[in-house]
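Please read the structure below before turning to the comments.
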Amino acid sequence: MTAMIADNLPVLVIIVPLFIGIVLPVFARRLRLVEGMVVLAEALGLVGAGFLAYMVVTRKGADWIYQVGGWPAPWGIELTANSLAVFFLAVVMVVSLPIALFTIGNLRQEVGGNMRTARFYTLFLLLVGSLAGMALTNDLFNTYVLVEVATLSCCGLVSSHGTPRAAEAAFNYLILATLASSLVVSGIGFIYVITGHLNMGFASQGLEQIWQAKPHAVWIAISFVLVGFGLKSAIFPLHIWLPDAHSSAPSPASAVLSGLAVKGYMICLLKFLYVVFGPDLMKEFSVDRILVLAGMTAIICGSVMALPQNNLKRRLAFSTVAQVGYIYLGFGLMDINGLAGALFYLASHAAIKSALFLSAGAMISATGKKKISELAGIGRKMPLTASVFTAASLGLIGIPLFSGFIGKWYLIAGSLDSGDFLPTIIIIAGSVLCAAYLFPVIRVAWFESPQQAEQVNAEQQAEQPDSAAQEGSRGIALQDEEMHSGQQVQQTAVYQNVQENTPPGNQVKDPGTAQKLALILLTAVIFILGIMPGPFIALAKRAAAELLMLR
Amino acid sequence: MKALLEKLIINYPYFFAVVLFAIGVLTVLTRSNLFKKLLGINIMGSAGFILFIASGNIRGGVEPILHTSDHEAVYVNPLPSALMLTGIVVSVSVTAFALSLIIRLYKEYGTTDAQRIARMRNEVKKIDSNDRR
Amino acid sequence: MLYALLAILSGAAGGLIVFLTPKGSRRLRSIITLLFAASGAVFSWLTALSVFAGKSVRIGFEFGELAWSFDPDPLGAVFGLIASTLWLFATVYSFGYMAEKKRQRIYYAFFLISLSATVGVAFAGNLITLYLFYELLTLATYPLVIHERSPEAARAGTKYIMYNLSGAGAILIAIIITYRFAGNPDFIEGPVLAGVETPVMGWLLVMFIVGFGVKAAIMPLHRWLPSAMVAPTPVSALLHAVAVVYAGVFGVIRVVYSVFGHELAGQMSISPILPWVAAFSILAGVIVALRQDVLKRRLAYQTVSHLSYILLGAFTLEPWGLAGAMMQMITYPFMKMTLFFCAGIIAEQTGETRISRMKGVGRELPWTMAAFTAAALGMVGMLPMSTFWGKYYLMKGSVAGGMWPFAVVLAVSGLINAACFIPVAVEAFRGDKIQSCREKDTRTVWMFAPTALLVVIAVVTGLVPGIVWPGAEAVTDWFFR
Numbered sequence: 035m036t037a038m039i040a041d042n043l044p045v046l047v048i049i050v051p052l053f054i055g056i057v058l059p060v061f062a063r064r065l066r067l068v069e070g071m072v073v074l075a076e077a078l079g080l081v082g083a084g085f086l087a088y089m090v091v092t093r094k095g096a097d098w099i100y101q102v103g104g105w106p107a108p109w110g111i112e113l114t115a116n117s118l119a120v121f122f123l124a125v126v127m128v129v130s131l132p133i134a135l136f137t138i139g140n141l142r143q144e145v146g147g148n149m150r151t152a153r154f155y156t157l158f159l160l161l162v163g164s165l166a167g168m169a170l171t172n173d174l175f176n177t178y179v180l181v182e183v184a185t186l187s188c189c190g191l192v193s194s195h196g197t198p199r200a201a202e203a204a205f206n207y208l209i210l211a212t213l214a215s216s217l218v219v220s221g222i223g224f225i226y227v228i229t230g231h232l233n234m235g236f237a238s239q240g241l242e243q244i245w246q247a248k249p250h251a252v253w254i255a256i257s258f259v260l261v262g263f264g265l266k267s268a269i270f271p272l273h274i275w276l277p278d279a280h281s282s283a284p285s286p287a288s289a290v291l292s293g294l295a296v297k298g299y300m301i302c303l304l305k306f307l308y309v310v311f312g313p314d315l316m317k318e319f320s321v322d323r324i325l326v327l328a329g330m331t332a333i334i335c336g337s338v339m340a341l342p343q344n345n346l347k348r349r350l351a352f353s354t355v356a357q358v359g360y361i362y363l364g365f366g367l368m369d370i371n372g373l374a375g376a377l378f379y380l381a382s383h384a385a386i387k388s389a390l391f392l393s394a395g396a397m398i399s400a401t402g403k404k405k406i407s408e409l410a411g412i413g414r415k416m417p418l419t420a421s422v423f424t425a426a427s428l429g430l431i432g433i434p435l436f437s438g439f440i441g442k443w444y445l446i447a448g449s450l451d452s453g454d455f456l457p458t459i460i461i462i463a464g465s466v467l468c469a470a471y472l473f474p475v476i477r478v479a480w481f482e483s484p485q486q487a488e489q490v491n492a493e494q495q496a497e498q499p500d501s502a503a504q505e506g507s508r509g510i511a512l513q514d515e516e517m518h519s520g521q522q523v524q525q526t527a528v529y530q531n532v533q534e535n536t537p538p539g540n541q542v543k544d545p546g547t548a549q550k551l552a553l554i555l556l557t558a559v560i561f562i563l564g565i566m567p568g569p570f571i572a573l574a575k576r577a578a579a580e581l582l583m584l585r
Numbered sequence: 183m184k185a186l187l188e189k190l191i192i193n194y195p196y197f198f199a200v201v202l203f204a205i206g207v208l209t210v211l212t213r214s215n216l217f218k219k220l221l222g223i224n225i226m227g228s229a230g231f232i233l234f235i236a237s238g239n240i241r242g243g244v245e246p247i248l249h250t251s252d253h254e255a256v257y258v259n260p261l262p263s264a265l266m267l268t269g270i271v272v273s274v275s276v277t278a279f280a281l282s283l284i285i286r287l288y289k290e291y292g293t294t295d296a297q298r299i300a301r302m303r304n305e306v307k308k309i310d311s312n313d314r315r
Numbered sequence: 122m123l124y125a126l127l128a129i130l131s132g133a134a135g136g137l138i139v140f141l142t143p144k145g146s147r148r149l150r151s152i153i154t155l156l157f158a159a160s161g162a163v164f165s166w167l168t169a170l171s172v173f174a175g176k177s178v179r180i181g182f183e184f185g186e187l188a189w190s191f192d193p194d195p196l197g198a199v200f201g202l203i204a205s206t207l208w209l210f211a212t213v214y215s216f217g218y219m220a221e222k223k224r225q226r227i228y229y230a231f232f233l234i235s236l237s238a239t240v241g242v243a244f245a246g247n248l249i250t251l252y253l254f255y256e257l258l259t260l261a262t263y264p265l266v267i268h269e270r271s272p273e274a275a276r277a278g279t280k281y282i283m284y285n286l287s288g289a290g291a292i293l294i295a296i297i298i299t300y301r302f303a304g305n306p307d308f309i310e311g312p313v314l315a316g317v318e319t320p321v322m323g324w325l326l327v328m329f330i331v332g333f334g335v336k337a338a339i340m341p342l343h344r345w346l347p348s349a350m351v352a353p354t355p356v357s358a359l360l361h362a363v364a365v366v367y368a369g370v371f372g373v374i375r376v377v378y379s380v381f382g383h384e385l386a387g388q389m390s391i392s393p394i395l396p397w398v399a400a401f402s403i404l405a406g407v408i409v410a411l412r413q414d415v416l417k418r419r420l421a422y423q424t425v426s427h428l429s430y431i432l433l434g435a436f437t438l439e440p441w442g443l444a445g446a447m448m449q450m451i452t453y454p455f456m457k458m459t460l461f462f463c464a465g466i467i468a469e470q471t472g473e474t475r476i477s478r479m480k481g482v483g484r485e486l487p488w489t490m491a492a493f494t495a496a497a498l499g500m501v502g503m504l505p506m507s508t509f510w511g512k513y514y515l516m517k518g519s520v521a522g523g524m525w526p527f528a529v530v531l532a533v534s535g536l537i538n539a540a541c542f543i544p545v546a547v548e549a550f551r552g553d554k555i556q557s558c559r560e561k562d563t564r565t566v567w568m569f570a571p572t573a574l575l576v577v578i579a580v581v582t583g584l585v586p587g588i589v590w591p592g593a594e595a596v597t598d599w600f601f602r
């Protein structure tokens, strides 16, 4: 039995969350059982990922190639457990377990109803399973299917919040994500037309032989894949769906979307670019420079756009846009330090952004306030939550002892190696801007009492009307006569009722035990990655070496 | 020119794929009606499917069943068609999900027009912020 | 040899304990604060004594590629001594100044944590450790800057963070470049970059100096310092005249002497420009100070000027210059803190912060203004005050290195300093009384006692410079061995 499990581990890691996820709605009436199953699935996944990582690390050199159904490579589907795969698998499992813990007993008020909660968990596990699949799969079309599963789960998670705003954000996300999927599937189609293979290794060999004869077809394939995954992982000009979607989802969903889902698409892009097309082709078509340029633009623009946001979750969402830039920048450096730094930064950002969204969610659900200026003095009432938020912020800024510092260290080292000084400056500028949009939150949370905050607010509003008021006035300007029908006003009132259905603010305190445990776990991950990065950075370096050298 | 046109005629499925893709993208980006956006997405998806399936077709090829009588027969590649079956399933589920979202939006706002919804949302925001002052 | 670690940890431990004290217990909190500040000072002295005795006090941790180590050389020991000793004075002064202020718990907690970070900067054994504590110092002092909780304080805080994190970013880049050439060895093993040849060397030095120059308030990078004066006076006195800005100055000296070494730095084409940068700051800072009416702001700009005295001495790359820099570094804070403390007492007793309205204040507060006058003389560099010796050796170093223009710069700056402060003192005793004074109570005593003690120490060390000279000598011998 154990031997069978060990032999089939790569596929089990994917199948188990998917299977448990699908059967969950059956037990919807007993929510405790559902929650237990979710945590069980996560724990199993974590153990599996850990064991897989152990096997791969001790194997030294050779990848573990698993043939699904026993069919050999050109015909069957392969799962490859190499360093990159186990690295990302570990990230997915380590980060999603605390998120699952955080949802225990906490989700019903945000999602509403047992059935809806169970469905939320289904989508959550489907997403985790498909992310695990993205890490392991070595097949182009399989990647597409997993990407679609992940996309649909993501949209479902966004819309699981009861508000119409969430439905709208989910619809916009769905449309753009499906557009991206079409691009990806067309890109895969082109690769298949050119090479006749869907296995990544064989397709890569085919491309190597033939690209000089058909450079245009290869160029089209690359650009389709690049834009498709770029849209899905929200690289700067293609990020427009992200702030709405991530800020209107329930907090655990925001955490998993910002922390993991976006990263899954980036890993897919990484595999397409480095494994299928290969570093030589990337240089030939100057994809590396595009990535670096896109990354730099995203860092600056994302941070600048985050600055004026007064809604806490929106600010965090824009910060994701900026942080995605760091990872793209690292992907484009084509250097072992830069690539390892990007992978490490990916892991660190997954933990940090999840911690930020979860603690922000805890604060928002405890107070019912969404704006940063309204969270004054929250540090006194919810010390643990605010501490976690602060620690994660410092990590994101890149203070030593936190994981973000190590990631930035290697990214800077990589960009210095690549001989271009501009990315280095952008990385530093990005962390200064990051401090500019996160420090005010920390200041308000710890060092301001509510009355003072109102004073400051009033002064600021006197100086310049805040964005909400501006949008409101634009709304007046755009109003048509027909908009004033009685029906509309009624609906608006209904919507308002939905919005104001928040718990009273007089019992503001830290969330329950499971939530605290989740937050502490994530903070521990941030600290461990920051203080003892040795084994993780070694694995990331191995993955980077495999991606860069092996072909 | 003539050679180009000939190539185009021979490879007409690809040509149509491109045309459909363009139509789809245009519809998604320019129409504000949610249904039309959804239709655009579907048209765009079909373009991808056609591209894939056309790549597997061989003119004059036969279905990939072992023909004992004709050893010279050229088989059509069945793989793309099989793959696109999966693609169609995915696209159906996307459509279903999008439709359910549209229904929810319609129930809330009484319209399926994206711009109107955005306008109404802003109005809600305005009333909201007025209340808060 | 755990003294170094204990010296670093005592501040942080004290800070955490102060956090946990209940709200009303002022006395308990004061005792804890004083106790931990004192223990920090005692352990710093013990560490410094072992360092001067030539014993190794290295403590190191290694996690993967990053090595943390605490390994003070004489320079670090001297800085640690100055910081932790002056902390005691500022702590006692705080008991008076903060007695009726709000949010004391947060104040004392972060005041102690900043002590930890400063001693950490001083005792850091390699570049990465130095960087860690340098960043922590920025973070730990941020709550103190925004202590007033006014919109102005919030803006000052944001400016403080922006400037210092940008500087730290430049340092980080430079550290990573250094790391790629030379790894991360301890400073004590000699100059890090000795024997490395690379075309980017000049840029590296510039980046380091710009980075540390933000905290050292070199003239175009100084703008955060005057705005940070919204902080309570003990914070301005200790952190923004001594500890934080000294961390920057210390970093610059570290880089020039421990990372590059005076030989390598002397060969670089950029090194003749550096003293001029410092000279510019010296003159520009004090000229801007002359035009300020708010006393604390005048002091802030004058700090900018005086920090560059130290940098000027370090940039001469001469033994006498470095000795002058060290003498200046040791003696100057006593006088500067006296000035700040007096400004704080005046503000607390009469509510006056503007110089133009301080006429006749000496009638009410004769002893305070006497201390102020003594410190003003010290700023000019007159003999009974210890700062004379700093200036003397700085001039000696400049002339010895054939850079006599800098001696002129120092003399001119002394004159402008006189114009800055002497009239204030004279007016205070001469003019008519125009402000009402609060009743003097125990708070005034708590504030005045450390001020008077500082003046006494300054006079004694000025008359017997042999007390502090061994510190300067040890540092000079260490780097020019």
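Chains as they are written, first to last, in this note's numbering: chain A, 35 to 585; chain B, 183 to 315; chain C, 122 to 602. Ideal placement from N, C-alpha and C gives every residue a C-beta, glycine not left out.
At least 8 Å separates the CB of I537 (chain C) from every CB of chain A.
Y226 (chain A) and L232 (chain A) do touch by the CB rule: their CB atoms are close to 6 Å apart, below 8 Å. Identification of residues in the segment 433 to 444 of chain C having a C-beta nearer than 8 Å to some C-beta of chain A yields an empty set. V162 (chain A) has its alpha-carbon roughly 44 Å from the corresponding atom of I129 (chain C).
Restricting attention to C:A593, C:P341, C:T319 and C:A315, the CA atom closest to the CA of L385 (chain C) is found in C:A315. By a beta-carbon distance limit of 8 Å, T565 (chain C) does not contact C463 (chain C). Their separation comes to about 12 Å. Leaving aside the five residues that flank R419 (chain C) on each side, the residues in its chain whose CB is nearer than 6 Å to its CB run, in chain order, A410 and Q413.
Of all C-beta pairs linking the segment 462 to 470 of chain A to the segment 419 to 433 of chain A, three or more are shorter than 8 Å, placing the two stretches in contact.
Taken in chain order, the unbroken stretches of alpha helix (DSSP H) that lie wholly in the segment 117 to 175 of chain A and span 4 residues or more are 117 to 137, 142 to 145 and 148 to 170.
Contiguous alpha helix (DSSP H) elements confined to the segment 463 to 524 of chain C occur at 482 to 485, 487 to 501 and 508 to 521, taking only those with 4 or more residues. Look at the beta carbons and you see the segment 259 to 274 of chain C not touching the segment 189 to 206 of chain C: under three pairs across the two are nearer than 8 Å. Looking only at C:A238, C:G483 and C:R270, the smallest Cα-Cα distance to C558 (chain C) is reached by C:G483.
With 16 or more neighbouring CB atoms inside 10 Å of its own CB, A400 (chain C) falls in the buried class.
No Cβ-Cβ contact shorter than 8 Å links G298 (chain A) with L418 (chain A). DSSP places S190 (chain C) inside the beta strand (DSSP E), whose first and last residues are L187 to F191. Cα atoms of R224 (chain C) and S348 (chain C): separation of roughly 21 Å, rounded to the nearest angstrom.
The shortest C-alpha to C-alpha distance from M149 (chain A) to any of A:M127, A:L67 and A:F224 is the one to A:L67. S348 (chain C) is outside the set of residues whose beta carbon lies under 8 Å from a beta carbon in chain A. Within the segment 268 to 292 of chain C, H268, R270, S271, P272, A275, G278, T279, I282, M283, L286, S287, A289, G290 and A291 place their CB atoms closer than 9 Å to a CB of chain A, listed in sequence order. Inter-segment contact for the segment 564 to 575 of chain A and the segment 114 to 122 of chain A is present: three or more beta-carbon pairs are separated by less than 8 Å. Residue range E112 to A115 is occupied by the beta strand (DSSP E) that includes L113 (chain A). Within a 10 Å sphere around the beta-carbon of I270 (chain B) sit fewer than 16 other beta-carbons, which makes this residue exposed. Annotated as proximal: V242 (chain C) and F254 (chain C), with beta-carbon spacing under 8 Å. With a cutoff of 8 Å on beta-carbon distance, Y291 (chain B) and M302 (chain B) are scored as near each other. Cβ proximity to chain B below 7 Å picks out A201, E202, A204, F205, L208, I209, T212, L213, S216, V219, S220 and G223 from the segment 200 to 225 of chain A.
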